[in-house]
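S.K.: Numbering (the working numbering), first residue to last: 1135 to 1563.
Yeah, the Cβ is synthetic: ideal placement off N, Cα and C, and Gly gets one too.
Nothing here was measured: the structure is a model prediction, and the numbers come from that model.
Got a structure here, written out as structure tokens. Questions coming.
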Amino acid sequence: TQSTWGELSRSMSQTLHLALVQHIRTFAQSTSNEETFEVALDCLEEGFGLSSLSSEARAAATCEFSLEEVFAAGLETLRSRKTGQTNQSPQKSEVDPLKQVEEEILRANQEIANDSKFLRFIEKIREQGFFKGVDDVSEYRKRYQKAVDKFLVASKTEVSASPSAPAPAQPSSDDINAKANEIIQQARACDDPKKSEKLFASAFELSPSGDTLCTLHRERGFARLGWDDFQGAVTDLIIATQTNPSDMKGLAKLGNAQKALNQHADACETFTRVLELDPTNRVIAEKLEECRTLAKTKTSTSSRANTSSNVSSNTSNTSAPPPFPGAGVPPGLAGMLNNPEFMNMAQNMMRNPMFMNMAQNLMSNMGGAGGNPPNFAEMMNDPSVQSMLNDPSVLDTVSSLSSNPEFRNQFGNQFGNQFTQDEQEDELD
């Protein structure tokens, strides 16, 4: 009651308050809400005035018995008084304070309270005399806590040394391919190029295999072609069609991407492969013809540009001395003389005495003609020329020169342009 509490001395109150705080702290250590209890304990110590006690005053006010021990002994005494069994001398409590210490510590370590290994461990060190002669509750508490701590450390070491749990099973290739196919369908239905590209990338990260990987490249190639990413489409569709060479749609899409990149020669090859699989495909046949025309035009334009450049650069150099006595450098002849293939052939021909004789006659005629073309009819009647034309080595050289388009063009510029544009186009065909 309030009057009973008022009769307690100040030191007794501090002892009771310290015992109460210690009891709650011990209980809190056995729960998962220890931090919450710590806040409450700080408030209690502040309210009871314990936080301002010095270490000496706190030690003097600390009871050597726990609150549970005092409570059990007091309860037993009160019960004895109530039943009239109180004697002149106080009876010894039937509650074992050392047993209470064990129960208190085990409540804070529930994981080992009923562990048979722990119970055998305690029994073994008890037989070895670890608790022998210890009647003081505080000392027994220290030793029992030390035993518990040692057992816990040994248990953790044993657990860490035990074989680790098997790694989770990796998904099978079928599961991976199924998941990749789901993502492919999502990417195909996506209208946003950026989102679709991310979906395709996530499908590749799964590392699919076989037909699924081929389908992944194929579908991304189709999508990139629709986004005008022609180079990306070519990269994907080449891989897809190499894996599945009979994929006519993949080949047709690849040809379209190559055509968009002006890779007309590659597009011709790709469209040809489609027609080998489907000879009646008129659309592809028309595209093939268009690419052939574009490739031919590109080649013809490039050849003309190179020839014009060579003629312009070489005829502009008028400071060089004439290659033959009494003759200048006729227009176009300088380009022929700077042609490595022509000069190599000419050197081989000049080793032939008959051809050398014809060349001298040719130069003589050119020098006396005032710059006009020589009379080839008169030259062909020359016996030395007739003999030379029957020489197989000369015939081979002339045949090689006449099959060279660049030489024919330069020779035509020099001697009357006897080859028409139509004949040059036939050469490209």
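1. Taking the Cβ atom as the reference point for each residue, do Leu-1340 and Lys-1383 lie within a distance shorter than 9 Å?
2. Could you compute how far the alpha carbon of Phe-1324 sits from the alpha carbon of Ala-1374?
3. Apply the 10 Å Cβ neighbour rule to Thr-1349 and answer buried if 16 or more other Cβ atoms are within range, or exposed otherwise.
4. Taking all protein chains shown into account, do 16 or more other C-beta atoms lie within 10 angstroms of the C-beta of Lys-1233, making it buried, or fewer, making it exposed?
5. So Gln-1392 is in the alpha helix (DSSP H); what residue range does that whole segment cover?
6. Measure the CB-CB distance between Leu-1150 and Arg-1192 and report whether it falls below 9 Å.
7. My assumption, with CB atoms under 8 Å, is that Ala-1419 sits in contact with Leu-1409. Please give the rounded CB distance.
8. Under a three-way DSSP split, which group does Asp-1283 fall into?
9. Using a 10 Å radius around the Cβ and a threshold of 16 neighbouring Cβ atoms, would you call Gly-1355 buried or exposed?
10. Going straight from the alpha carbon of Ile-1317 to that of Asp-1345, what length do you get?
11. Alpha carbon to alpha carbon, how far is Lys-1280 from Ile-1246?
12. Taking the CB atoms as reference points, tell me whether Arg-1352 and Leu-1371 lie closer together than 9 Å.
13. With DSSP collapsed to three states, give me the class of Asn-1415.
14. Between Val-1155 and Leu-1184, which are expected to be in contact by the criterion C-beta below 8 Å, what is the C-beta distance as a whole number of angstroms?
15. Out of Leu-1411, Arg-1358, Asn-1390, Thr-1404, which one is the CA nearest neighbour of Ser-1380?
16. If you run the structure through DSSP and keep just helix, strand and coil, what is Cys-1324?
17. With DSSP collapsed to three states, give me the class of Glu-1168.
18. Do Cys-1425 and Ala-1401 count as a contact pair if the criterion is CB distance below 9 Å?
19. Could you tell me the distance, in whole angstroms, from the CA atom of Lys-1258 to the CA atom of Tyr-1278?
20. Going by alpha carbons, who is nearest to Asn-1167 out of Leu-1385, Asp-1308, Ala-1242?
21. Quick check: the Cα distance between Ser-1147 and Glu-1198, rounded to an integer number of angstroms?
22. Identify the continuous alpha helix (DSSP H) that holds Glu-1190 and give its terminal residues.
23. Where do the ends of the alpha helix (DSSP H) carrying Phe-1265 lie?
24. Whole angstroms are fine: how far does the CA of Asp-1176 sit from the CA of Ser-1188?
25. With 16 other CB atoms within 10 Å as the buried threshold, where does Pro-1291 fall?
26. Are Ser-1200 and Val-1271 closer than 9 Å when you measure CB to CB?
27. What number of angstroms, rounded off, separates the C-alpha of Pro-1224 from the C-alpha of Gln-1262?
28. What's the call for Glu-1180, buried or exposed, on a 16-neighbour Cβ count within 10 Å?
29. Is the distance from the Cβ of Phe-1252 to the Cβ of Val-1282 below 9 Å?
30. Does Gly-1183 come out as helix, strand or coil in the three-state DSSP assignment?
31. What is the DSSP secondary structure of Ser-1336, counted as helix, strand or coil?
32. If contacts are defined as beta-carbon pairs under 8 Å, then His-1398 and Lys-1432 qualify, I think. What distance do you get, rounded to the angstrom?
33. By Cβ distance below 7 Å, which residues in the same chain neighbour Ile-1404 in space, the five residues on each side in sequence not counted?
34. Would you kindly report the start and end of the unbroken alpha helix (DSSP H) that includes Ser-1214?
35. Any idea if Gly-1504 is buried or exposed, counting beta-carbon neighbours within 10 angstroms, 16 or more meaning buried?
M.R.: The answer reads as follows:
1. no
2. Strictly speaking, residue 1324 in this sequence is Cys, with Phe absent from that position. Rounded to the nearest angstrom, the two C-alpha atoms are 21 Å apart.
3. buried
4. exposed
5. 1382-1394
6. no
7. 6 Å
8. helix
9. buried
10. 15 Å
11. 14 Å
12. yes
13. coil
14. 7 Å
15. Leu-1411
16. coil
17. helix
18. yes
19. 13 Å
20. Ala-1242
21. 15 Å
22. 1189-1195
23. Careful: Phe-1265 lies outside any alpha helix (DSSP H) and carries neither H nor E.
24. 16 Å
25. Going by the sequence as given, residue 1291 is Thr instead of Pro. Exposed: under 16 other Cβ atoms inside 10 Å.
26. yes
27. The predicted position of Pro-1224 is uncertain, since its pLDDT is 49 and thus under 50; no value can be drawn from it.
28. exposed
29. yes
30. coil
31. helix
32. 7 Å
33. One detail in the question is off: residue 1404 reads as Thr in this sequence, not Ile. Leu-1385, Leu-1388, Gly-1389, Gln-1392, listed in sequence order.
34. 1201-1216
35. Only weak support exists for where Gly-1504 lies, its pLDDT of 48 falling under 50; the value from the coordinates is given anyway. So Gly-1504 ends up on the exposed side.
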